[in-house]
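*Asks:* Here it is, the structure, as C-alpha cells.
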Amino acid sequence: MAEPKTKYDRQLRIWGEQGQAALEKSSICLLNCGPTGSETLKNLVLGGVGSITVVDGSKVELGDLGNNFMVDESSVGQSKAKTVCAFLEELNDAVKAKFIEEYPEKLIESNPSFFSQFTLVVATQLVESSMVKLDRICRDANVKLIFARSYGLTGFVRISVKEHAVIESKPDHFLDDLRLNNPWPELRRFAETIDLDTPDPVVHKHTPYVIILIKMAEEWTKTHDGNLPSTREEKKVFKDLIKAKMIASDEDNYKEAIEASFKVFSPQGISPAVQQIINDSCADVNSNSSDFWVLVAALKEFIANEGGGEAPLEGAIPDMTSSTELYVNLQKIYQAKAETDFLVMETYVCRYRLIEDEYNSPVQLELQKYLTDEDYCVAVGFYILLRAVDRFAANYNSFPGQFDGEMDEEISRLKTTAVTLLNDLGCNGSTLTEDLINEMCRYGAAELHAVAAFIGGIASQEVIKVFFFFFFCLIFSQWIW
Amino acid sequence: MAVSEPSRSRDLDKLLLRPGHIIGPNFEPGPELREAIKESVKVLVVGAGGLGCELLKDLALTGFPNLDVIDMDRIEVTNLNRQFLFRLEDVGKPKAEVAAKRVMERVNGVNITPHFCRIEDKPLDFYSDFNIIVLGLDSIEARSYINGVACGFLVGTRLSYDSDDNPRDETVKPMVDGGTEGFKGHARIILPGTTPCFECTIWLFPPQVKFPLCTLAETPRTAAHCIEYAHLIKWDEVHSGKSFDPDNPEDMQWVYSEAVKRAELFGIPGVTYSLTQGVVKNIIPAIASTNAIISAACALETLKIVSDCSKTLSNYLTYNGVEGLHTKVTEFVRDKDCLVCGPGVLIELEKSVTLKKFIDQLEDHPKLLLTRVSVSHRGKNLYMQAPPVLEEMTRSNLDLPLFDLMGGISKDIVHVNGMAGKGDKKQSCLRKLRVVFRGIDGVTDIDMAGGA
Ligand SMILES: [Zn+2]
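See below:
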C-alpha cells in the first residue's frame, strides 16, 4: 500500500488533508454501471472515496465491450455490476467496493429505505419517472443525489441536494477581505504608526499598499463628510492623490495601491447574498435546526454585535511590495482578528428545487426566452428533447431510433411527443428545429464512450465539490457537441 | 422494427452509419466510414500521463484501433491518484509501455505501439506517418515542439500553399491539444494553416512569474520567497559548482531546512516540505475528473475531425470547475505572419552561398536567432548536428553551395532544426524557410516574396 500522502499529493495540494478526510468518509452508491456510471466512479475511486456500492441488474453484452472500459471479453454474459466493481477495486485498495445485482428502478420501487445508508447517490441513465421518485426518496432521507445521463452527443449532469452549505471556502480569486475602508481599531492604530511622507526613500518604497490605502481612505472621508469616493470623478481624484504621493517612478507599492484602489470604493459590510441568508426564517433556530442553520444564526448574531456590521474576517492577505517587517506585522494583525472572529468567512446556501417541481411547474418565461435565444436554443432544445425521449419510451417501449429501420416514423412520433411536452410546459406554439429532432433520433439512446467519459468526469467533479462545500456548485448544465 | 444484430460497435454505429443533420461538410455515413477509420487512420498520442492514459482509453473505445503513444517518463507514486492505467507495482516502469499494454489487454482489436523516448529523439518521418496527433502534455516547450513539427508538414517536401495562400489539404496534419490544472482545463483543435497554431496564440500561456531576486535577497514576505531564496541563492553559495537535483530527496530536504531557517529569521509562517517541493519543482495540482473531462473532449474532436460526423469545435474550449461550472468556446484567429504555421520565413540568397554561410546567417536573422542548426531539404539531411555519425557524414556538405545541394532549383522550402531564443531561454524548435536564389529566371514570384 502506498503512503497515501504521496499517492494523493497532487490533489492534497488542492483540497488539503481535511478535504481528503471528508472524501474518505463518504459512502457512494452508483445506479447503473454503463460507461457514464463506471467513468464517474473510476474518478472517485482514484481520488480515494470511502466506499462504493454498484447497483446494476444487467448482464454484460457484446455491445458493452465497445463503450465501457471496465468490462472485457471474458465478462460477456456475467453480471455487469460484479464485473465493473472488480475493476474498480483494482484501482485503489483503500476503497471498499461492493455490488448488488439488481435493477435500480426495482430498488426505487420496492426498497426506498435502501438509499438512506449512503452519503451520496450517483444515478446514471435513469428515465424521468425513476428520477422523480428517487429524488423524493433521497431528499426525505437527506442523501445527496447527482444525476448523470449521456445520450448520443448530448447529456446532462444535475445535482439534487437539500441544502448546500458553503462554510469553509477556498475561493480562487475572491475579492480580498482587507477592510481598507473600515479598519478595526488594531489595524487603524498600526496604520497610524506609519508616516507616508517619510523622508527615507527606501522606507517610502517599502510601505505596503494596504497601509497606503487605509490612510488615504481615512484622509478622504475626513474631508468629505465621512463619505468614500463614489462617483467616477471622485475615484479618479482619489487615484491622482495616490499618484501624487510617489517620490520615484519605480515605486511598485504605489502602483499596487492605484491598481487596488477599487477595493476602497467597494461598500462596507456584508454582501446582499449573505444578507439574504441571515434574513431567512430558518435562521431563527430551534432544536430541530440543522448544523448549518445553527451556524447561520451564530453568524447573524456576530454581524449584529462584535462584527459591527461586518462578517468575520477571513484573515489572509495577498503578497505585496513591502519590507519584511511591515508585511509580517500586517499579516499578524489580520490573522489575530480572524482568530478572534470565528473561522467563518461567508456563508452560502443554495437550495435546489425538487426535480418534480421543476418538471411540473417550469419557469415558463425563462424557458420561452431561451427557446428563441440564438445562443441557448440548441441547449434548451436538447433539454426538452431529453425529456421527450423518456415520454416516447414510456409510450412506445423503446427510445426513438434505438433500433434500425423506420426512422421517418420515429422522427414524426418524436416531433409529436416534443410538441405535446412543450404545450404541457406552457410554451404553446414553440417549436424545435427539424435538425435537433433528427439528431436525437439518430442518437438512438447510444451511450458513446467519449461522451460518457465527459459527463462522468463532470459528475465526479461535482461529487467532490458537494463534499467539500466548494463555493458554488453546478446548478444545471447541458452540452451539445 | 428490425432488431440490430449484437455488435461491438453498437453505439458508435448510430453516429457513423446514420445520416445526420448537425454534421461536418464531408460526412459520408456508412460501414465504409467505420472500416476506413479502423484500417487506415493512425493516431499518435503524445504523453502517457494523466491526459494520455485517458486519451488512449477514449480513442480505443471511439473506433481508433491504430494508436501510438510516446512518453519519456517512468511511473511515480504521485501519478496513481489519476493515471488509472498504472498500479503500485508499476512504479518505475515506462509510462508509455504500461499504458499501451493495459489498454490492449482490455480492448480487443486495438494495437498500441509505445515509444519510451523524448519527442525530439524521433525523426520527422516518424511524425509524418500519423493522420492526426493528439497532445496530452503539461509543458509549453513540448507543445511548441510538436506544433513546429506538425506545421512543418504543411509543406511536406514542397511548397504547398496554393496561389491564394491556402494550405493544400493533404499536407494538413491536424492536432488536438488538451491541458489541465486543478479544476480547470482546455481542449483545442489546431488545423495548421486554417486555425491558429500553438505559436499563433502563445500569449495564452504566459511565462511563469519569477520573483525578483532583490525580493528574495532583501525583503522576503511569503513562504515561497524563503524557499526560492534557499533554492536559487543559498544553494549556489554553499554548494560551489554542484547543481541542485530536484529529484534527490537529500537536496530537497536541504532546501527545505534552509527555507525554514530563513522563514524563522524573518518571522514568516507557512514553509512546509510539501510546499517546498511544489515551489521548486513547479508542481501543478492534478485530479482525475478534470483529466477525464478534457481527454474525452479531445477524443470526440478527434473523431469529428476524421469523420465529420458532427461539427468540430471552433476552436478553443475552456473548462472551469472552480466556482460552479463554466465552459466557453472561443474562436481564435490565425496570425498570418506566424513563423511556424505561416508560409515560412523568406530567405534570399546568392547562388554561391555555402551551406555553412547559410547556417551562420540564421543565427543573426532577427526572426530566427537559431543556433546549433541542422538543415534538411525534401526529406534529405543536408547537415545534421547530431548524432555524431550523421554529423560526420554530412559535414562535407558545409563547404558546398546550398544552391547545388538543393539540386539547382530557384526556390524551395528548407526545414531547419535548432535552438531558438537567447540566454537561458533557449529551446529546440523547427522552422520552415522559403529559400529563393537571386539571379535566376522567374524568381521574382509575387506569392513567394510577400508575407515573409
Ligand atoms: Zn501559427
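Here the protein sequences come in this chain order: Z and R. Under the UniProt record's numbering, the very last position in the first sequence is 481; numbers go up by exactly one each time. Under the UniProt record's numbering, the very last position in the second sequence is 452; numbers go up by exactly one each time. Backbone N, C-alpha and C fix where the C-beta goes; we use that ideal spot for every residue, glycine too.
(1) For chain Z, is any of its Cβ atoms less than 8 Å away from the one on residue 26 of chain R?
(2) For residue 95 of chain R, does the count of other Cβ atoms within 10 angstroms reach 16, so buried, or fall short, so exposed?
(3) Can you pull the chain Z residues whose beta carbon is under 7 Å from the beta carbon of residue 10 of chain R, in chain order?
(4) Tell me the residue span of the alpha helix (DSSP H) that contains residue 204 of chain Z.
(5) Can you give me the C-alpha to C-alpha distance between residue 109 of chain R and residue 40 of chain R, rounded to a whole angstrom?
(6) Apart from the five residues just before and just after residue 198 of chain Z, which ones in its own chain have a Cβ nearer than 7 Å to its Cβ?
(7) Tell me whether residue 396 of chain R is buried or exposed, calling it buried when 16 or more other Cβ atoms sit within 10 Å of its Cβ.
(8) State the DSSP-derived secondary structure class of residue 419 of chain R, mapped to helix, strand or coil.
(9) Counting only beta-carbon atoms, is residue 136 of chain Z nearer than 8 Å to chain R?
(10) Relative to the C-alpha of residue 304 of chain Z, which residue among Z/330, Z/341, Z/315 is closest?
(11) For residue 237 of chain Z, count neighbouring Cβ atoms within 10 angstroms of its own Cβ and tell me buried if that reaches 16, exposed if not.
(12) Please give the ranges of any alpha helix (DSSP H) in the UniProt domain "E2 binding" (347-438) of chain R, keeping only runs that are unbroken, at least 4 residues long and fully inside the region.
(13) Can you find a CB in chain Z that lies within less than 8 Å of the CB of residue 77 of chain R?
(14) Assuming residue 69 of chain Z contacts residue 106 of chain R (C-beta within less than 8 Å), just tell me the rounded distance between them.
(15) Give the list of continuous alpha helix (DSSP H) stretches no shorter than 4 residues that lie fully inside the segment 120-164 of chain Z.
(16) Give the DSSP-derived three-state secondary structure of residue 115 of chain R in the structure shown.
(17) Please list the residues of the segment 71-83 of chain Z that have a C-beta atom closer than 8 Å to any C-beta atom in chain R, keeping them in chain order.
(18) Between residue 143 of chain R and ligand 1, is the CB less than 7 Å from at least one heavy atom?
(19) Is DSSP giving residue 45 of chain R helix, strand or coil here?
(20) Locate the beta strand (DSSP E) running through residue 175 of chain R, then write down its first and last residues.
(21) Once you ignore the five residues that flank residue 285 of chain R on each side, which residues in its own chain have a CB closer than 8 Å to its CB?
(22) CA-CA distance, residue 101 of chain R and residue 60 of chain R?
(23) Anything with a beta carbon under 5 Å from a heavy atom of ligand 1 counts; list them all in chain order.
(24) For a contact meaning CB atoms closer than 8 Å, what does residue 179 of chain R contact in chain Z?
(25) Under the rule that 16 or more other beta-carbon atoms within 10 Å means buried, what is residue 232 of chain Z, buried or exposed?
(26) Quick check: the Cα distance between residue 121 of chain R and residue 434 of chain R, rounded to an integer number of angstroms?
(27) Count the CB pairs spanning the segment 6-22 of chain R and the segment 251-271 of chain R that are closer than 8 Å, and state whether there are at least three.
(28) Cβ closer than 9 Å: which chain R residues qualify as neighbours of residue 47 of chain Z?
(29) Tell me the DSSP bridge mates of residue 330 of chain R?
(30) Considering just the uninterrupted stretch of the beta strand (DSSP E) at residue 250 of chain Z, what are its terminal residues?
(31) Which residue from Z/107, Z/447, Z/380, Z/76 puts its Cα closest to that of residue 368 of chain Z?
(32) Apply the 10 Å Cβ neighbour rule to residue 84 of chain Z and answer buried if 16 or more other Cβ atoms are within range, or exposed otherwise.
(33) Within 10 angstroms of its Cβ, does residue 206 of chain R collect 16 or more other Cβ (buried), or is it exposed?
(34) From the beta carbon of residue 195 of chain R, is the nearest beta carbon of chain Z less than 8 Å away?
(35) Helix, strand or coil: which one does DSSP assign to residue 66 of chain R?
(36) Got a sec, what are the start and stop residues for the beta strand (DSSP E) residue 456 of chain R sits in?
*Replies:* In terms of the structure at hand:
(1) The residue you call residue 26 of chain R lines up with position 26 of the second sequence. By this cut-off, residue 26 of chain R is not an interface position.
(2) In the second sequence, residue 95 of chain R corresponds to position 95, counting from 1. By the 10 Å Cβ count, residue 95 of chain R comes out buried.
(3) If you number the second sequence from 1, residue 10 of chain R lands on position 10. Neighbours of residue 10 of chain R on chain Z, chain order: 63, 66.
(4) One-based indexing of the first sequence puts residue 204 of chain Z at position 204. Note, residue 204 of chain Z: alpha helix (DSSP H), 201-204.
(5) Translated into the one-based positions of the second sequence, residue 109 of chain R becomes position 109. Translated into the one-based positions of the second sequence, residue 40 of chain R becomes position 40. Whole-angstrom Cα-Cα distance: 14 Å.
(6) Sequence index remark: in the first sequence, residue 198 of chain Z carries index 198 (1-based). Excluding residues within five positions, the ones whose Cβ falls inside 7 Å are 204.
(7) Looking up residue 396 of chain R in the second sequence gives position 396. Exposed, because fewer than 16 other Cβ atoms sit within 10 Å of the Cβ of residue 396 of chain R.
(8) Here residue 419 of chain R is taken as the residue at index 419 of the second sequence, counted from 1. Note: residue 419 of chain R maps to strand in three-state DSSP.
(9) Translated into the one-based positions of the first sequence, residue 136 of chain Z becomes position 136. Judged by the 8 Å Cβ criterion, residue 136 of chain Z is not in contact with chain R.
(10) The residue labelled residue 304 of chain Z in the question sits at position 304 within the first sequence. Residue 304 of chain Z has its Cα closest to that of Z/341, out of Z/330, Z/341, Z/315.
(11) Translated into the one-based positions of the first sequence, residue 237 of chain Z becomes position 237. Under this definition residue 237 of chain Z is an exposed residue.
(12) 355-364, 388-395, 402-405
(13) On the second sequence, residue 77 of chain R is found 77 positions in, with the first residue counted as 1. Answer yes: the Cβ-Cβ gap between residue 77 of chain R and chain Z drops below 8 Å somewhere.
(14) Locating residue 69 of chain Z in the first sequence gives position 69, counting from the first residue. Locating residue 106 of chain R in the second sequence gives position 106, counting from the first residue. Yes, they are in contact, since the Cβ atoms of residue 69 of chain Z and residue 106 of chain R sit about 6 Å apart, within 8 Å.
(15) 128-141
(16) The residue labelled residue 115 of chain R in the question sits at position 115 within the second sequence. Residue 115 of chain R: strand per DSSP, three-state reduction.
(17) 72, 73
(18) Start at 1 with the first residue of the second sequence, and residue 143 of chain R comes out as number 143. Not under cutoff, so the answer is no.
(19) The sequence position of residue 45 of chain R within the second sequence is 45, counting from 1. Strand at residue 45 of chain R.
(20) For the purposes of this step, residue 175 of chain R is taken as the residue at position 175 of the second sequence. 175-181 is the span of the beta strand (DSSP E), which, as asked, contains residue 175 of chain R.
(21) Numbered from its first residue, the second sequence carries residue 285 of chain R at position 285. Closer than 8 Å at the Cβ level, and outside the excluded window around residue 285 of chain R, lie 181, 182.
(22) Here residue 101 of chain R refers to the residue found at position 101 when the second sequence is read from its first residue. Here residue 60 of chain R refers to the residue found at position 60 when the second sequence is read from its first residue. Taking the straight line from one Cα to the other gives about 12 Å.
(23) The filter returns R/197, R/199, R/200, R/338, R/340, R/341, in chain order.
(24) What you label residue 179 of chain R is simply residue 179 of the second sequence in a count that begins at 1. Neighbours of residue 179 of chain R on chain Z: none; closest Cβ ~15 Å, over 8 Å.
(25) Taking the first sequence and counting its residues from 1, the one referred to as residue 232 of chain Z is at position 232. Classification of residue 232 of chain Z: exposed, given that the 10 Å Cβ count is below 16.
(26) Translated into positions along the second sequence, residue 121 of chain R becomes position 121. Translated into positions along the second sequence, residue 434 of chain R becomes position 434. Each residue's Cα considered, the two are about 25 Å apart.
(27) No contact exists between the segment 6-22 of chain R and the segment 251-271 of chain R.
(28) Numbered from its first residue, the first sequence carries residue 47 of chain Z at position 47. In chain order: 81, 82, 287, 288, 289.
(29) Position 330 of the second sequence, counted from the first residue, corresponds to residue 330 of chain R. Residue 330 of chain R pairs with R/316.
(30) Mapped onto the first sequence, residue 250 of chain Z falls at position 250. Unbroken run through residue 250 of chain Z: none, as it is neither H nor E.
(31) To locate residue 368 of chain Z, count along the first sequence from 1; it is residue 368. Comparing Cα-Cα distances from residue 368 of chain Z to each of Z/107, Z/447, Z/380, Z/76, the minimum goes to Z/380.
(32) Stepping through the first sequence from its first residue, residue 84 of chain Z is reached at position 84. With 16 or more other Cβ atoms within 10 Å, it is buried.
(33) Sequence index remark: in the second sequence, residue 206 of chain R carries index 206 (1-based). Residue 206 of chain R is exposed by the Cβ-count criterion.
(34) As a working mapping, residue 195 of chain R is identified with position 195 in the second sequence. Not closer than 8 Å to any Cβ of chain Z, the Cβ of residue 195 of chain R fails to qualify, so no.
(35) Sequence index remark: in the second sequence, residue 66 of chain R carries index 66 (1-based). Here residue 66 of chain R sits in strand by DSSP.
(36) With chain R covering only 1 through 452, there is no way to say anything about residue 456 of chain R.
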